[in-house]
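Quick note: the sequence shown, position 119, residue 170 per the working numbering, numbers continuous.
See below for the structure under consideration.
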Amino acid sequence: LIVNVQRGGPGLGTIQPSQSDYNQATRGGGNGDYEVIVLAPASVQEMADFVDLAFELAFKYRNPAMILSDGVIGQMMEKVVLPPMKPRRTEEEIAKECPWAANGHGLKQRGVNVITSLELDPAKMEEKNHKLQEKYRQIKENEVRYETKDLEDAELAIVAFGSAARISQKAIEIAREQGIKVGLFRPITLWPFPQEEIAELSKKLKGILVVEINAGQMVYDVRYAVEGRVPVKHYGRLGGIVPDPDEIIEVLKQLD
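Shown next, in the form of structure tokens:
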């Protein structure tokens, strides 16, 4: 499990909030055709909940998982309800249920496992990659998570994650008071991305605004999902500055 609480960059950058690591997180993060499960919390409660969820997903699929938060959520104070503690598996249970587990302590209950990704035979390496791609297909099929608000009668939608989604929700409340029919689509899993759900949503909309605290990264995934059915506009702030609800409303009016 990797936790990334994003700050402004590039380089040494700033300690202020940002969402500029989206591409790095959702495109695998390194060499090879691999994927990382990425969860984007929008509250302190979700920060706590997603630790448990991320470990469960990483364990279930034997795959790295990441909590991709940002400096707003990371420095926020809110009440949380912690789940009850789960008992640790016994060594016997680990040996029975997790035969793949590495044994670094010479425990007699477990066999010795050698973990390696080195394979010099191209055919075998391709076969291994095909198995990984099948696993990623299963993750896409079973683990997409998202939240929607005020979309029942919406003509416009804001797509945003993390703290940008919270700011956007306030903008939506104000915009609706002004007669703008807009709702929120919040991806919770950034990978797997809710591509099909956004594609279906776009069929009933006049336009989509993607709000991020970066120069425009998730917007490309949204445009890919929408396939040109409706205009997709981006609004973002950089350098540690977060969007303001009034700014978002002004951009919404350009789509309305």
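Even for Gly, the Cβ is constructed at its ideal location relative to N, Cα and C.
From a predicted model like this one, the values you see are computed outputs, not experimental measurements.
For residue j and residue i, believed in contact at Cβ under 8 Å, the rounded distance
i: Ala99; j: Arg237; result: 18 Å between Cβ atoms; not a contact.
i: Gln57; j: Gln70; result: 6 Å
i: Gly213; j: Gly59; result: At roughly 14 Å, the Cβ-Cβ gap does not stay under 8 Å, so Gly213 and Gly59 are not in contact.
i: Ile264; j: Pro294; result: 7 Å
i: Ala116; j: Val87; result: 7 Å
i: Gly79; j: Tyr73; result: Their Cβ separation, rounded to whole angstroms, is 13 Å, which puts Gly79 and Tyr73 out of contact at 8 Å.
i: Ile300; j: Ala205; result: Not quite, the Cβ-Cβ distance comes to about 15 Å (not below 8 Å), so this is no contact.
Contacts around residue i, its chain only, beta-carbon distance under 7 Å, and the 5 residues preceding and following it disregarded
i: Glu198; result: Arg237, Ile239
i: Val302; result: Leu260, Lys284, Tyr286
i: Arg196; result: Ile239, Thr240
Sequence-distant residues of its chain with Cβ nearer than 6 Å to residue i (five each side left out)
i: Pro173; result: none
i: Pro282; result: Gly258
i: Glu97; result: none
i: Asn164; result: Ala153
i: Ala215; result: Val262, Glu263, Ile264
i: Gln220; result: Leu235
i: Val54; result: Ile118
i: Gln268; result: Tyr73, Asn74
Residue i: first and last residue of the uninterrupted beta strand (DSSP E) it sits in
i: Arg237; result: 233-238
i: Asp121; result: 116-121
i: Ala208; result: 207-210
i: Lys200; result: 197-200
i: Lys284; result: 283-287
i: Leu260; result: 258-263
Residue span of the alpha helix (DSSP H) that contains residue i, given as start and end
i: Glu228; result: 213-228
i: Leu303; result: 296-306
i: Val277; result: 269-277
i: Lys182; result: 173-193
i: Glu142; result: 142-148
i: Leu52; result: Per DSSP, Leu52 belongs to no alpha helix (DSSP H) and is neither H nor E.
i: Ile292; result: Element bounds for Ile292: n/a, residue is neither H nor E.
i: Gln246; result: 246-253
Backbone CA spacing between residue i and residue j [nearest angstrom]
i: Glu309; j: Ala208; result: Only positions 52 to 307 of the chain appear in the structure, and residue 309 is not among them; the question remains open.
i: Arg139; j: Leu183; result: 28 Å
i: Lys130; j: Val95; result: 8 Å
i: Ile124; j: Ile118; result: 12 Å
i: Gly230; j: Lys255; result: 18 Å
i: Glu194; j: Gly279; result: 26 Å
i: Glu224; j: Pro243; result: 29 Å
i: Glu251; j: Thr141; result: 45 Å
i: Asp272; j: Gln246; result: 8 Å
i: Arg227; j: Val270; result: 23 Å
i: Ala146; j: Glu170; result: 26 Å
i: Arg188; j: His181; result: 11 Å
i: Thr167; j: Phe101; result: 29 Å
i: Gln126; j: Ser120; result: 10 Å
i: Ala266; j: Gly83; result: 26 Å
i: Arg288; j: Arg217; result: 15 Å
i: Thr77; j: Ala91; result: 11 Å
i: Ile190; j: Asp201; result: 28 Å
i: Leu63; j: Ala211; result: 26 Å
i: Gly162; j: Pro150; result: 8 Å
i: Leu306; j: Gly122; result: 29 Å
i: Lys111; j: Met128; result: 31 Å
Sequence-distant residues of its chain with Cβ nearer than 8 Å to residue i (five each side left out)
i: Glu203; result: Gly234
i: Ala109; result: Leu52, Ile88, Pro115, Ala116
i: Leu133; result: Ala99
i: Val277; result: Ile249, Ala250, Ser253, Ile259, Val283
Heavy atom of the ligand PLP within 8 Å of residue i beta-carbon
i: Asp272; result: Questions concerning the ligand PLP fall outside what the structure shown contains, since it holds no ligand whatsoever.
Give, in chain order, every unbroken run of the alpha helix (DSSP H) that is at least 4 residues long and sits entirely within the segment 57-111. 73-77
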